[in-house]
Structure formats: C-alpha cells, structure tokens
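Participant:
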Amino acid sequence: MSTTQSERLRELLEPLVSSQGLDLEEIAVDAVGRKRVLRVVVDSDTGADLDRIADVSRALSAKLDETDAMGSAEYTLEVGTPGAERLLTEHRHFVRATGRLVRFQLAEGGELVARVLAADDEGLDLEVPGVKGRKATARRLAFGDIARARVQVEFNRKDDASDKNDKKEEEA
C-alpha cells in the first residue's frame, strides 16, 4: 500500500502540530513554477494567533530539515489558518462555528443561511434569521442533511452580551 507525499507529511507533522496545542487541518504540496510550496493549515478551538503560527512554523521547518521529508529540491513552507470563510468538513469545525453565521447547501438541494447555536454528535441547533422583520426561528439540522457548509463573514453583526460586558469593564 503506497502513501502519497501529503499523507507521509501528515504522519510526520501532525504530532508536532498537536504538541503545540493545534489541529492539523490541511496539508498540500503544490508546484509553483520550478519550486514547490508546502501549505500547512492549522487551527484550534480557541483560534491560532500570529505568535502560535510563528512557533509552529519554526518547529515544522526544523523537523522538515532534520528528516529531509521534502527531498533536496527547494520548497517554501507556508503555515496559516483556515480563514474567515472556512469550509466546515469535520465535527470540530461545526463546534468551533457556534455563534457564527453559516451558509449550508442541503443534501436534498436548496440552501439555508443560519446561525449555529449548538453542535452535538447528530447535528446542529440553528437560528434561522427572520425575513422582513419577522422573528428568527429555531431549526434542527442533521449532519446527514448537509452537503456543504461555509462560515459567512459578518460586517454588521450586533455585539453579543459578552462583548458588551467586556466593553463596560474596559471603560470602568
């Protein structure tokens, strides 16, 4: 049974990423002209700030150099996070999206935009925004009913209660 380079790299690097308190979300080796680019995407339940990304990048670079896992040809290592409009593919992604607005493509066809209120092993509790001044409605969505899901960026989101409390404490 042969494994791809990405699978071998995942086996090598995942324990190192985990030791930094992060999840290895994605790994890809791409050709860019004559050079190769190793893209590593990491995340955690609390997010990954720039310092954590830099730390894991240095650790991965050292590991790759010591093992020669990328071979002798030049390559560039890029380490980052999934981004604001991430595709949700794992259970942990849905848990992390709690409180966020998500666009769902449904398995039966159609689309739904809703806020994730909670995630459990079977599915999601959602709040579907009301249309034209109507109240939001609650909806349960099983994971099997989801074809694709992507977090949506919100520019005009009202602050939630915890944000307001934080601002009051800062002003005091």
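Residues in the sequence shown are numbered consecutively from 335, following the numbering used here.
Glycine residues also receive a C-beta, built at the ideal position from the N, C-alpha and C atoms.
All values reported here derive from a predicted model rather than from experimental measurement.
Given Asp357, which residues of its chain have a CB within under 8 Å of its CB, disregarding the five upstream and five downstream residues?
Facilitator: Closer than 8 Å at the Cβ level, and outside the excluded window around Asp357, lie Val351, Val376, Asp377, Ser378 and Arg426.
Participant: Decide if Val450 is buried, meaning its Cβ has at least 16 other Cβ atoms within 10 Å, or exposed.
Facilitator: Buried, because 16 or more other Cβ atoms sit within 10 Å of the Cβ of Val450.
Participant: Since Arg386 sits in a beta bridge, which residues does DSSP pair it with?
Facilitator: DSSP output for Arg386 lists no bridge partner at all.
Participant: Could you give the uninterrupted runs of the beta strand (DSSP E) lying entirely in the segment 365–419, keeping only those of 3 residues or more?
Facilitator: The qualifying runs are 369–377 and 409–414.
Participant: If contacts are defined as beta-carbon pairs under 8 Å, then Leu522 and Gln354 qualify, I think. What distance do you get, rounded to the angstrom?
Facilitator: Since the displayed the chain opens at 335 and closes at 506, residue 522 lies outside it and no answer follows.
Participant: Rounded to whole angstroms, how far is the Cβ of Val462 from the Cβ of Leu440, which I believe are closer than 8 Å?
Facilitator: The pair is not a contact, with the Cβ atoms about 13 Å apart (cut-off 8 Å).
Participant: Is Thr415 closer than 8 Å to Ala388 when the C-beta atoms are compared?
Facilitator: No. Outside cutoff.
Participant: Determine, using beta carbons only, whether Ser391 and Ala362 come nearer to each other than 8 Å.
Facilitator: Contact flag unset, no.
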